[in-house]
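Worksheet: the structure to be examined is printed underneath.
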């Protein structure tokens, strides 16, 4: 592969026009869209309209006139199209952690009612920590235990008569490993357990079909591949066989059947609306809607299947170049397309401290990836705005940082808080 | 009182310059700042800077470089100055409902540990419904009962050896009645219970001194008197004797002692930071900060004491005019200054359907108040941007709507969702 080969791939890329939707900073190759997606061009004007027009001029009347009151549902219906959910099945609200608390609590309530002898939540030790923290809290509160397996291969054996809920993140945040959602959900159900999925690194990145997989509950993140902005609202989905069954514990007024009757007793709204809690965050939801629209724009170009094909081409190209150019690194993300999400992750072969410093040195060169403790270099590929030549150039730059020992410079070895 | 008298009061109002901080729509008298505060002039530019500069250009680096990662604490420290909390004791995050869940769960955990025989949460039937819904959920989950008293006068008798937590909203959303926080907290403590306060209609509206009152926990709203925008993040405070004692159940990664170590076990951060949960909502927090700044600007003009004096003058003026001009209405909000928050509430003497329609007819005239089921006309007074002449004119307009029977028109009697 030469640089011209990469340019030729871009020249024939049918998804290339989608890049125009974004305001990309010049001189940057941004491989961190799996941590914070880039700014859509439409967002500043839309947010300004909500702030100055809908809030500033419309004031309280905008809850009705501007449709604020149903914005969680409107944005939710758009996200639903990306994850195989039907209209009315998904809402945008709160954070991923808060939404996980809601659905995991509901799942545990269902198991307690139907199969009280099941007392285990099964997950992976390498799951994103906030998911484990929330599960730990609910397990302690409700008298369940949290069983963490060390490898994906160990999951099937943990699905036994003690398992209440299998709780997994579809694409691992650190390794990029993609689970087979349909197969694992089937296995969980065959064992008599429920399956709860975190789509943080999947929604907008890989094809997801929640209904086809017969998943039980799902949550996901608005600020990664959905380009919703820093700390954007998350989303929550419940299969229709569960959505109306139990009230989730964060029973705020927006999940009430009739919030504006102001009655003292809680009566949950039908379906997914009961998974809302407090007053919706309008500015943040408006920005999220613009971000989701950038992914929906791919529907005219083949949709998620086309995005997935390009994502795989980008990660394959990047991984192949690194295999040739960077003997100092081993690849942590799966080589098989079927098992790899939309990211490439690497670890130093010998010197663990190389990971953090190399990411910093690359950022100084305008190639933005991120470091994940203890020793992972992580590069996310968003096919909406990345080109093949970006993947190629990033690999070349990474090789240079390593070859020249640039990562050893002191300024790249001072740690600060990172996300 | 004549209109000229009201104008004279404005001419001598030392707080008058504070109004310049706001972008008020022309031709509107906005008496709904207790539902959604108006737009500060500084907000659009600040939000645009965060969107276009910090997010669009700074991208992921802004978590450190723009200080996003500690924004909940920075905004929290500003709100702390308005409610008698010390720096480091309060954070801005999530919604009021979600925050109430956190602190009420923590309060119940403390009581369970220290006085397990106490099994009652005491509140008012007229408390804001979302507070009651959250309490109902936690009570059921944790094996407590929720005792709702019908009048404020019945509270002391409910503080007995069965009471675990007294949970009150400082200013009642419907009646505007203001509780004596210090006295009721003392009574709760004397009975061996904890006191949890909702400051939704207090923060930025009436003087609050959480530490002087020795309150146990408090939460509050960002989009009312703090002018943070629709669905702005809420805030949460815990007295320092409690803040580090238990993990709250929404144990997301931002409340972890070391979130970026990505370790699988939850270890709560010291103090109030453990009351954070998911990734902070940056756009919404930036808008909230602008709103809080408009209230802090009053510090050079006498602060909350001066704002309170003006608020009382405005509500007194409005209530007095209505007493003379509107025999069709009875006042629901307390006449005594010491017991009245920053709002005036009325109910129809004879015809309950008058309430909703009159509010609609007034909105059509540019006087914006709101209706609260079943029959309350509610008018909030924000002393930062309202003038005495606004209070006077609003009373005149309300009298006209009633005298002329304008509220009987069909277009004012069609209900829609309102907040």
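Chains as they are written, first to last, in the numbering used here: chain Y, 1 to 419; chain B, 420 to 838. Cβ atoms here follow ideal geometry from the backbone N, Cα and C, with glycine treated the same way.
Going by Cα to Cα distance, which pick from the options is closest to residue i?
i	options	result
residue 704 (chain B)	B:479, B:640 and B:805	B:640
residue 594 (chain B)	B:816, B:790, B:443 and B:528	B:790
residue 786 (chain B)	B:425, B:438, B:657 and B:444	B:444
residue 726 (chain B)	B:805, B:649, B:551 and B:567	B:805
residue 846 (chain B)	B:693, B:468 and B:819	Residue numbering for chain B in the displayed model covers 420 to 838; residue 846 (chain B) lies beyond these limits and cannot be assessed.
residue 492 (chain B)	B:483, B:479 and B:508	B:508
residue 585 (chain B)	B:519, B:816 and B:834	B:519
residue 613 (chain B)	B:747, B:549 and B:522	B:522
residue 16 (chain Y)	Y:227, Y:309, Y:383 and Y:129	Y:383
residue 496 (chain B)	B:756, B:470, B:483 and B:691	B:691
residue 410 (chain Y)	Y:403, Y:398 and Y:356	Y:356
From the beta carbon of residue i, is the nearest beta carbon of chain Y less than 7 Å away?
i	result
residue 466 (chain B)	yes
residue 838 (chain B)	Annotation note: pLDDT 46 at residue 838 (chain B) (below 50); position unreliable, no value reported.
residue 510 (chain B)	no
residue 474 (chain B)	yes
residue 529 (chain B)	no
residue 448 (chain B)	no
residue 804 (chain B)	no
residue 752 (chain B)	no
residue 430 (chain B)	no
residue 442 (chain B)	yes
residue 514 (chain B)	yes
residue 755 (chain B)	no
For a cutoff of 7 Å on Cβ pairs, would you count residue i as touching chain B?
i	result
residue 44 (chain Y)	yes
residue 278 (chain Y)	yes
residue 282 (chain Y)	yes
residue 177 (chain Y)	no
residue 262 (chain Y)	yes
residue 253 (chain Y)	yes
residue 266 (chain Y)	yes
residue 98 (chain Y)	yes
residue 119 (chain Y)	no
residue 125 (chain Y)	yes
residue 398 (chain Y)	no
residue 287 (chain Y)	yes
residue 101 (chain Y)	yes
residue 311 (chain Y)	no
Using a Cβ-Cβ cutoff of less than 7 Å, which residues in the same chain neighbour residue i once the five nearest sequence positions on both sides are dropped?
i	result
residue 395 (chain Y)	318, 321, 322 and 325
residue 474 (chain B)	481
residue 422 (chain B)	808 and 811
residue 419 (chain Y)	With a pLDDT of 47 at residue 419 (chain Y), under the threshold of 50, the predicted position of this residue should be treated as unreliable, and no value is reported.
residue 788 (chain B)	450, 451, 778, 781, 796, 797 and 798
residue 59 (chain Y)	none
Might you give, ordered along the chain, the residues of its own chain that have their beta carbon closer than 6 Å to the beta carbon of residue i, omitting 5 neighbours on each side?
i	result
residue 391 (chain Y)	314, 317 and 318
residue 772 (chain B)	none
residue 43 (chain Y)	287 and 290
residue 381 (chain Y)	311, 314, 315 and 342
residue 442 (chain B)	458 and 460
residue 544 (chain B)	567 and 569
residue 412 (chain Y)	357, 360 and 361
Pop quiz: residue i and residue j are said to be a contact at Cβ under 8 Å. What is the actual Cβ separation, rounded to whole angstroms?
i	j	result
residue 255 (chain Y)	residue 517 (chain B)	That belief does not hold up - the Cβ atoms of residue 255 (chain Y) and residue 517 (chain B) are roughly 12 Å apart, past 8 Å.
residue 615 (chain B)	residue 534 (chain B)	At roughly 16 Å, the Cβ-Cβ gap does not stay under 8 Å, so residue 615 (chain B) and residue 534 (chain B) are not in contact.
residue 652 (chain B)	residue 511 (chain B)	5 Å
residue 724 (chain B)	residue 626 (chain B)	6 Å
residue 280 (chain Y)	residue 647 (chain B)	The Cβ separation is near 14 Å, so there is no contact.
residue 628 (chain B)	residue 503 (chain B)	3 Å
Using C-beta distances below 8 Å, list every residue in its chain close to residue i, excluding the 5 sequence neighbours before and after it, in chain order.
i	result
residue 143 (chain Y)	119
residue 299 (chain Y)	81
residue 145 (chain Y)	119, 120, 121 and 139
**Q.** Residues within the stretch 239-250 of chain Y neighbouring chain B, beta-carbon criterion of under 9 Å
**A.** With the criterion set as a beta carbon lying under 9 Å from some beta carbon of chain B, the members of the stretch 239-250 of chain Y are 247, 248, 249 and 250, in sequence order.
Q) Taking a cut of 7 Å between CB atoms, which residues from the stretch 128-162 of chain Y lie near chain B? A) Residues 129, 130, 132, 133, 134, 136, 137, 141 and 148.
Q. Given a limit of 8 Å on CB to CB distance, which residues of the stretch 480-491 of chain B reach chain Y?
A. Correct list: 480, 481, 482, 483, 487 and 488.
**Q.** chain B contacts made by the stretch 342-358 of chain Y, where a contact means CB separation under 9 Å
**A.** Residues of the stretch 342-358 of chain Y whose Cβ lies closer than 9 Å to any Cβ of chain B: none.
Q. If contact means a Cβ-Cβ distance below 9 Å, which residues of the stretch 779-795 of chain B contact chain Y?
A. Listed in sequence order: 782, 787, 789, 791, 792 and 793.
**Q.** Near-chain B residues of the stretch 211-243 of chain Y - C-beta to any C-beta below 9 Å
**A.** For the stretch 211-243 of chain Y, the set of residues with a beta-carbon nearer than 9 Å to any beta-carbon of chain B comprises 221, 223, 229, 230, 231, 232, 233 and 234, in chain order.
(Q) Closer than 7 Å between beta carbons: that is the criterion. Which residues of the stretch 184-212 of chain Y meet it against chain B? (A) Per Cβ criterion, the list is empty.
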